[in-house]
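Chains as they are written, first to last, in full-length UniProt numbering: chain A, 1 to 508; chain B, 1 to 272.
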Ligand SMILES: [Zn+2]
Ligand SMILES: [Zn+2]
């Protein structure tokens, strides 16, 4: 069956999702509350410190071999797995909460000590700095020479303030997801440069009595500044202890080797809970990132007076994007990263991926995501909910992709990493809220219609589903032609929709 | 045939395209026409269809979903849709299959209008040039592109070919043909010939190991000259076409529309 998007199907689902969040409860997060299994219509306002740790040399790992082959992926996954496990130990020992680990980036929350305590925020930031340094030190030794796995170079970003903790949108997904400035700004610090070190936003710097920095992303904490945080935080665990535990754990639960196999498309039917290193999927696919543009500013605007609207807007848009990706286009959603969807699409057979069709499907899917996004805004607006200045930035790329789960047994984290995943994210970040960008490999693998659409800049404005189908079908793209034919049930209308017209203009 | 016979033929096909007849006089047919789109949306237009000098015209009863006038969107000053150029693409409604072709054209026109409104430009480059004189030059340019062979017809249809006038010399002004902004060749306007006749031909023969030059490649030198000059004349005629609307404003829904500029400045004044 042709994968497609239908206005009425989207409208029905959006209306249902709006009903889910008619009444929303916002609770200030305090001692002993659980952030697990948050209902869709509830959010916690959490005053805490957000820590992002980026492994800088993941890209090097992915590029050790000229070809992005099996060896390259095997080493990269082993590299991440070793480091994930070490980080897991650190966070558990230091009473910090892992929010997520996606690719090279760890997101953790330090919520303790709570605000009831004196000087709580400064204590949290110092604690975060001490944890950051521990991560840096440990990951500097958790490589594996025998397996050509290097140590990790780590860059940490830290911010502090109020964010909203909401449900992460996965069935059975216990971890919350955080919306708002501190999560976003911490990520900008960790992702904002190629030098290792610990980088605090000015917000976080002021909280521990440091002077504001003109360019905080270029101003790592000094050794002395870190040492004073370590002294004050007194984590009570050393690098040596963590290393010993990590080694002991590896001895008891060896990672085992990564074994790759293909999943018969569509990827929607892939059950991620069955994935382990020994059962890792690897195949040519399209990786798609769709990010709600302007959402961090939206949260900042609403978190004090109308946080309910943040929950409404987010719940409705996320659920609808998820539905389009999964149900309309048979894709495999990997995760939501804050307000951003990451997923994979693949057309073909058990043996081979149909490159062209996969790229065409990804293009149509990108259009559909935008159509649904716009429809969701319209319907939220009808309910009197502010949706001002929100956009959707979409990027995708094609290439060999991996899907697996890493980390400790019983607490495995989904992981889909490859050059294409990183490129698709980069493509998305070069888009504004009405743009869609295609990566160079997808561009080359696509039909001529796809290449013409995106042009040499590999980017197109305001591409919705109708436009994607029309513009690709016009140039003879088979996937789009099939979708277009399926859209018109009346033969006369189908014939009309295929007619080439040459309208004119008169002086009269 | 009388206008009313023609109208009968049009009306007889209405139902298969989903149109519902609202009213009917000897010269006019009023219908409600839902136009489904590829994404499942459907906009319903209330249209007046008339037969005028053997040609069927359609327009919105009142401008509701479309602007009342916009040459860039192929809507004439009287609100009628400029569905095709009669001189070349005329559809004479004297049988059912012609009527079907006309309905198909109308529906496709309305589908394309939705895309145009979103893109702020006509969705493909297949529209005829604006005004009869420009359209004739466009037609000649298309024929010249056809003589040159692939990829010229497609490049022309996709709007990738642009001309500009360069400095004059002893031969008078020259016209430059650009492909995606890159110069392909120049043509002496007065002599109607390519400036550098010794450049490799633009067809595959010019890309051979021992390329055939334009001058010696059959009709290709002449075709190249015609293509550039006709495109230049078309551009000039289009400019004149727009100048004729000097005092007219239009909807402002299309980027780069010469008539829309005044509209937006008026709007800015109103807001200020
Ligand atoms: Zn030739
Ligand atoms: Zn206009």
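C-beta: ideal position from N, C-alpha, C; glycine also.
**Message:** Looking at residue 509 of chain A: is its Cβ nearer than 9 angstroms to the Cβ of residue 260 of chain A?
**Reply:** With chain A represented from 1 up to 508, any question about residue 509 of chain A goes unanswered, as that position is not in the structure.
**Asked** DSSP three-state call for residue 401 of chain A: helix, strand or coil?
**Response** Note: residue 401 of chain A maps to strand in three-state DSSP.
**Request:** Say whether chain A places a C-beta atom closer than 9 angstroms to the C-beta of residue 101 of chain B.
**Result:** Interface residue, yes.
**Asked** For residue 237 of chain A versus residue 190 of chain A, is the C-beta spacing smaller than 9 angstroms?
**Response** No. Outside cutoff.
**Request:** Indicate whether residue 317 of chain A and residue 250 of chain A have their beta-carbon atoms separated by less than 9 angstroms.
**Result:** Contact flag unset, no.
**Message:** Please determine whether the Cβ atom of residue 205 of chain B lies at a distance below 8 angstroms from any heavy atom of ligand 1.
**Reply:** Correct: residue 205 of chain B has its Cβ closer than 8 angstroms to ligand 1.
**Residue environment, residue 327 of chain A, which counts as buried when at least 16 other CB atoms sit within 10 Å** = Counting Cβ neighbours within 10 Å, residue 327 of chain A comes out exposed, since fewer than 16 surround it.
**Request:** Could you name the residues of chain A that residue 115 of chain B contacts, counting a contact when the two beta carbons are closer than 9 angstroms?
**Result:** For residue 115 of chain B, the residues of chain A that pass the 9 angstroms Cβ criterion are 466, 467, 470 and 471, in the order they occur in the chain.
**Message:** Under 7 angstroms, CB to CB, which of the residues in the segment 125 to 148 of chain B have a partner in chain A?
**Reply:** Taking 7 angstroms as the Cβ-Cβ cut-off against chain A, the residues of the segment 125 to 148 of chain B that qualify are 126, 127, 128, 130, 131 and 135.
**Prompt:** For residue 164 of chain B, which residues of its own chain have a beta-carbon under 6 angstroms away from its beta-carbon, when the five flanking residues on both sides are left out?
**Reply:** The beta carbon of residue 164 of chain B lies closer than 6 angstroms to those of 176 in the same chain, with the five residues before and after it left out.
**Request:** Report back the beta-carbon spacing between residue 45 of chain B and residue 27 of chain B to the nearest angstrom; my notes put them in contact at under 8 angstroms.
**Result:** At roughly 20 angstroms, the Cβ-Cβ gap does not stay under 8 angstroms, so residue 45 of chain B and residue 27 of chain B are not in contact.
**Request:** Just mark residue 460 of chain A as buried or exposed, buried being the case when its beta carbon has 16 or more other beta carbons within 10 Å.
**Result:** With 16 or more Cβ atoms within 10 Å of its Cβ, residue 460 of chain A is classed as buried.
**Request:** Return the residue from the list A/235, A/433, A/142 and A/18 that minimises the CA-CA distance to residue 244 of chain A.
**Result:** Ranked by how close their Cα comes to the Cα of residue 244 of chain A, the residues A/235, A/433, A/142 and A/18 have A/142 in first place.
**Asked** If we count the other Cβ atoms within 10 Å of its Cβ and call it buried at 16 or more, is residue 151 of chain B buried or exposed?
**Response** By the 10 Å Cβ count, residue 151 of chain B comes out exposed.
**Request:** Taking residue 40 of chain B and residue 59 of chain B to be in contact with their CB atoms under 8 angstroms, please state how far apart those CB atoms are, rounded to whole angstroms.
**Result:** Contact flag wrong, Cβ pair sits at about 26 angstroms.
**Asked** For residue 17 of chain B, does the three-state DSSP call read helix, strand or coil?
**Response** In the three-state reduction of the DSSP assignment, residue 17 of chain B falls in the helix class.
**Message:** Could you tell me the alpha carbon to alpha carbon distance between residue 36 of chain B and residue 129 of chain B, rounded to whole angstroms?
**Reply:** C-alpha separation (whole angstroms): 28 angstroms.
**Message:** Cutting at 6 angstroms between CB atoms, please list the residues of its own chain near residue 464 of chain A, excluding the five before and the five after it.
**Reply:** Exclusion of the five residues before and after residue 464 of chain A leaves 367, 370 and 371 as the residues of its chain whose Cβ lies within less than 6 angstroms of its Cβ.
**Item:** Cα-Cα separation between residue 388 of chain A and residue 253 of chain B, rounded to whole angstroms
**Value:** The alpha-carbon separation between residue 388 of chain A and residue 253 of chain B amounts to approximately 22 angstroms.
**Message:** For a cutoff of 9 angstroms on Cβ pairs, would you count residue 484 of chain A as touching chain B?
**Reply:** By this cut-off, residue 484 of chain A is an interface position.
**Request:** Pick out whichever of A/89, A/10, A/405 and A/360 has its Cα sitting closest to the Cα of residue 271 of chain A.
**Result:** Of the listed residues, the one whose Cα sits closest to residue 271 of chain A is A/405.
**Prompt:** When you compare only the Cα positions, how much space is there between residue 117 of chain A and residue 125 of chain A?
**Reply:** Separation of residue 117 of chain A and residue 125 of chain A (C-alpha to C-alpha, rounded to the nearest whole angstrom) is 14 angstroms.
**Beta carbon proximity, residue 85 of chain B to chain A, threshold 9 angstroms** = For residue 85 of chain B, the answer is yes, since a Cβ of chain A falls inside 9 angstroms of its Cβ.
**Request:** Please determine, among A/110, A/285, A/5 and A/214, the residue with the shortest C-alpha to C-alpha distance to residue 442 of chain A.
**Result:** Measuring from the Cα of residue 442 of chain A, the nearest candidate turns out to be A/285.
**Distance cut-off 8 angstroms: residue 212 of chain B Cβ against heavy atoms of ligand 1** = Flag set: Cβ of residue 212 of chain B near ligand 1.
**Message:** Can you find the residues in the same chain that come closer than 6 angstroms, C-beta to C-beta, to residue 266 of chain A, ignoring five residues on each side of it along the sequence?
**Reply:** Once the five neighbours on either side are set aside, the close Cβ partners of residue 266 of chain A are 330.
**Request:** Tell me whether the beta-carbon of residue 213 of chain A lies closer than 9 angstroms to the beta-carbon of residue 222 of chain A.
**Result:** Contact flag unset, no.
**Request:** Compute the beta-carbon to beta-carbon distance between residue 360 of chain A and residue 477 of chain A, rounded to the nearest angstrom, for a pair I have assumed lies under 8 angstroms.
**Result:** About 5 angstroms separates the beta carbon of residue 360 of chain A from that of residue 477 of chain A, a gap short enough to meet the 8 angstroms contact definition.
**Request:** Following the continuous beta strand (DSSP E) through residue 51 of chain B, name the residue where it begins and the one where it ends.
**Result:** It spans 42 to 52 - the beta strand (DSSP E) in which residue 51 of chain B sits, taken as one unbroken run.
**Message:** Our contact map puts residue 110 of chain A next to residue 51 of chain A with C-beta atoms below 8 angstroms; I'd like the distance itself, whole angstroms only.
**Reply:** Correct: roughly 6 angstroms between the Cβ atoms.
**Request:** Please decide whether residue 509 of chain A counts as near chain B, where near means a Cβ-Cβ distance under 9 angstroms.
**Result:** Since the first residue of chain A shown is 1 and the last is 508, residue 509 of chain A is not available in this structure.
**Prompt:** For the candidate residues B/153, B/106, B/32 and B/140, whose alpha-carbon lies nearest to that of residue 88 of chain B?
**Reply:** Of the candidates B/153, B/106, B/32 and B/140, the one whose C-alpha sits nearest the C-alpha of residue 88 of chain B is B/140.
**Message:** Can you tell me whether residue 179 of chain B sits near ligand 1, meaning its C-beta is under 8 angstroms from at least one heavy atom of the ligand?
**Reply:** In this structure, the C-beta of residue 179 of chain B stays at least 8 angstroms away from each heavy atom of ligand 1.
**Message:** Beta carbons nearer than 7 angstroms to chain B: which residues of the segment 370 to 402 of chain A have them?
**Reply:** Against chain B - using a Cβ distance shorter than 7 angstroms - the residues of the segment 370 to 402 of chain A are 371.
**Request:** Use the C-beta contact count for residue 22 of chain B: other C-beta atoms within 10 angstroms, 16 or more gives buried, fewer gives exposed.
**Result:** Residue 22 of chain B sits exposed, since fewer than 16 C-beta atoms from the chains shown fall within 10 Å of its C-beta.
**Message:** Taking 8 angstroms as the cut-off, is the beta-carbon of residue 253 of chain B closer than that to any non-hydrogen atom of ligand 2?
**Reply:** Within the cutoff, so yes.
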